[in-house]
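**Q** Heads up, the final residue of the sequence shown is numbered 355 in our numbering, and it's a clean run with no missing numbers.
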Amino acid sequence: MPEHTTVNEIISRLETIKEEAIKNIENAKNSEALQLVRSTILGKKGRLTEILKTLGSLSPDMRKDIGMASNKIKLFLQEICDKKSDELVSKAKAYDGEVDITVPGILPFVGGLHPITQMCYDLNDAFRSLGFEIYSEPEITSEKYAFDNLNFAPEHPARESMDTYWIEGHETGNGSERLCMRPHLTGGSVRYLKEHGAPARFVYPGRVYRNETTDARHERAFFQYEALIVDKDFSFSSGMILIKTILEKVFGREIKVRMRTGFFPFVEPGFEIDMECQVCGGKGCRVCKHVGWIEVMPGGTPHPNVLKAAGLDPSIWSGFYINIGLDRLVMMRYGVDDVRLFHSADLRFLQQFK
């Protein structure tokens, strides 16, 4: 820049660059032409950039005035370039040449619901049709709700770290002071009954966490789907009808079910509810341990101590629990023999369920 150039002369040059740039930006017919204008004005060797490089050689007063004017013009031109770019993109055609309509197109990538999520939604629809409410609780719970309210004995092994993930800093103490990742959903039943009372019929799906060794049927973080009816004079046979009805709605056909006596602290009497293995059709495979049946849910009548913890009189109220292993139910629906595949985030596996 000449030694005796004045501020007005430099600003005049800046205005000329600005007007020319505006005209060239408006006349740009495509993104390539616009990019050429942008680089000619604002690029590393652009006309505006060259002026900004000379500021260091000017006096402090000139540097301030010209710097402010240059930056103002630069921001303005960047803004109208961006607007023009958006305009060109919105008007751009996918292809300007001839199109051979006999060539197969390329399908766009489309996402879909995870099969476990889809199963959860299907169960929600099935239970809603029977008058159930959908309920949820926090994934971080306490020893009080996970064990004490559910009639677990103080020395029960599930309370220890081999089964339960205790929250660091809250793993000592007892009751509501001792926090953990929920090891099952059943604690949500007492939460709901304390909030809403009885009679009640509701479901509460969600993820649970246990320190387990993973295999074809077990994961450390997995999904359960629990349902509870609390009412007066609720018959146990009605619970069995409920199970068969739900499975039929989910699978679209009648599913063979059996109930075996089983102990669970929160139910009395308690049962283990099995369905015929859908992977092998009851013939026996590694998923069902070659017996043809797979346990999908515990169930039974709420234990009197659980009803008392919820503030209900067990001499008046009864009901029926079921706790569905959602991951296993999805395995049965699609005939998948390893639950770990559903949690692998492998799109090659998951895309087949879209």
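Here a beta-carbon is modelled for each residue, glycine too, at the ideal position from N, C-alpha and C.
Computed from a predicted structure; not experimentally measured.
By Cβ distance, which residues of its chain are closer than 6 Å to F148, with the 5 residues on each side in sequence left out?
**A** Contacts found: R160.
**Q** Among T262, P139, H157 and I230, which has the Cα closest to the Cα of E210?
**A** A quick correction: the sequence has Tyr, not Glu, at residue 210. The residue with the shortest Cα to Cα distance from Y210 is P139.
**Q** So what does DSSP say about L229, is it helix, strand or coil?
**A** Residue state, collapsed to three classes: strand.
**Q** Tell me which residues share the same chain as S13 and place their Cβ nearer than 8 Å to its Cβ, disregarding the 5 neighbours each side in the sequence.
**A** Nothing meets the Cβ criterion.
**Q** Is DSSP giving S319 helix, strand or coil here?
**A** Reduced to three states, the DSSP call for S319 is strand.
**Q** Determine the direct distance from the alpha carbon of P109 to that of G207, and round the result to whole angstroms.
**A** Rounded to the nearest angstrom, the two C-alpha atoms are 32 Å apart.
**Q** Just to confirm the assignment, what range does the alpha helix (DSSP H) spanning D149 have?
**A** Segment: none, D149 is in no alpha helix (DSSP H) and carries neither H nor E.
**Q** Flag this pair as touching only if the segment 321-338 and the segment 225-233 have three or more C-beta atom pairs under 8 Å; answer yes or no.
**A** With a cut-off of 8 Å, the segment 225-233 and the segment 321-338 count as touching, because enough Cβ pairs lie within range.
**Q** Based on the DSSP secondary-structure assignment, which residues constitute the bridge partners of M260?
**A** DSSP, once it has assigned bridges, lists I274 as partnering M260.
**Q** Assuming W318 and K233 make a contact with CB atoms under 8 Å, what is their CB distance in whole Å?
**A** W318 to K233, Cβ: 6 Å. Contact.
**Q** Between the Cα of S137 and those of S190, M182 and G176, spot the shortest distance and give me the residue it belongs to.
**A** Considering only alpha carbons, the answer is S190.
**Q** Express the C-alpha separation of Y335 and V251 in angstroms, rounding to a whole number.
**A** Going from the Cα of V251 to the Cα of Y335 covers about 12 Å.
**Q** Just to confirm my understanding: we take K284, look at its own chain, exclude 5 residues before and 5 after, and list those with CB closer than 7 Å. What are they?
**A** Excluding positions up to five away in sequence, the list reads G293.
**Q** Between H115 and I168, what straight-line distance do the alpha-carbon atoms span, to the nearest angstrom?
**A** Their backbone Cα atoms lie some 29 Å apart in a straight line.
**Q** May I ask you to verify whether the segment 31-45 touches the segment 61-80, counting CB pairs closer than 8 Å and requiring at least 3?
**A** Contact between the segment 31-45 and the segment 61-80 is present, because at least three Cβ pairs lie under 8 Å.
**Q** Considering only DSSP beta bridges, list what H219 is partnered with.
**A** Per DSSP, D216.
**Q** Could you please give the first and the last residue of the uninterrupted beta strand (DSSP E) stretch that includes E296?
**A** It spans W294 to P303 - the beta strand (DSSP E) in which E296 sits, taken as one unbroken run.
**Q** Give the range of the beta strand (DSSP E) segment to which Y166 is assigned.
**A** Here Y166 belongs to no beta strand (DSSP E), and DSSP marks it neither H nor E.
**Q** Quick one: complete alpha helix (DSSP H) runs, 4+ long, within the segment 25-69?
**A** Within the segment 25-69, the complete alpha helix (DSSP H) runs of at least 4 residues are 32-43 and 48-54.
**Q** Got a sec? Which residues, its chain only, sit under 7 Å from E172 by beta carbon, not counting five neighbours each side?
**A** Cβ within range, chain order: R179.
**Q** Cβ of L229 within 6 Å of any heavy atom in the ligand NAD?
**A** Ligands displayed in this structure: none; no statement on the ligand NAD is therefore possible.
**Q** Y122: buried (16+ other C-beta within 10 angstroms of its C-beta) or exposed?
**A** Exposed.
**Q** Is the beta carbon of T187 closer than 7 Å to that of F267?
**A** Yes, they are a contact pair.
**Q** Would you list the residues sitting across from R208 in a DSSP beta bridge?
**A** The partner list for R208 (beta bridge, DSSP) reads F224.
**Q** Relative to the alpha-carbon of G300, which residue among K290, D275 and A22 has its alpha-carbon at the smallest distance?
**A** Comparing Cα positions, the closest option is D275.
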